[in-house]
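In our numbering, the protein residues as written are 282 to 382.
Idealized CB from N, CA, C, for every residue including glycine.
Below: one structure, written as structure tokens.
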């Protein structure tokens with residue numbers, strides 16, 4: 282098992298424990314962990330659970346969806362920045378065709 286896998290499992294276990302401590306089923310915590318996908322996102326969700334202490338499963342799922350949306354928005358932003366950087370390189374340096382010389 283890799284270190285990344287161990288980190289994911291530990292983050293999942295901590296998230297599931299936080300969900301169970303609030304009185305919700307373990308399965309809810311496991312599904313939320315799968316939905317979030319990364320230890321960092323699970324840590325963010327745990328912070329929400331500890332600070333807000335939501336009273337319904339709907340609030341937990343809603344926050345998990347909001348976190349997923351933020352992550353997707355960040356990925357889209359990074360992809361757009363990368364595309365813009367490459368476009369600017371093409372404008373500045375050209376397409377790199379040596380045939381024109």
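Sequence-distant residues of its chain with Cβ nearer than 7 Å to residue 382 (five each side left out): With a pLDDT of 48 at residue 382, under the threshold of 50, the predicted position of this residue should be treated as unreliable, though the coordinate-derived value follows. Nothing meets the Cβ criterion.
9 Å Cβ cutoff met for residue 366 and residue 345: no
Beta-carbon proximity of residue 290 to residue 313, cut-off 9 Å: Taking the C-beta atoms as reference points, residue 313 is found no nearer than 9 Å to residue 290.
Touch test, the segment 322 to 337 against the segment 354 to 371, Cβ-Cβ under 8 Å, three pairs minimum: Contact fails: fewer than three Cβ-Cβ distances are below 8 Å.
For residue 350, the first and last residue of its enclosing alpha helix (DSSP H): 338 to 374
Where residue 335 sits in the DSSP three-state scheme: coil
Stretch-stretch touch, CB-based, cutoff 8 Å, three pairs: the segment 299 to 315 with the segment 349 to 361: no
Residues near residue 296 by beta carbon distance below 7 Å, same chain, minus five either side: Around residue 296, the same chain offers 310, 313, 314, 323, 326, 327 as residues with beta carbons nearer than 7 Å, after the five sequence neighbours per side are excluded.
Nearest-angstrom Cα separation, counted from residue 377 out to residue 286: 42 Å
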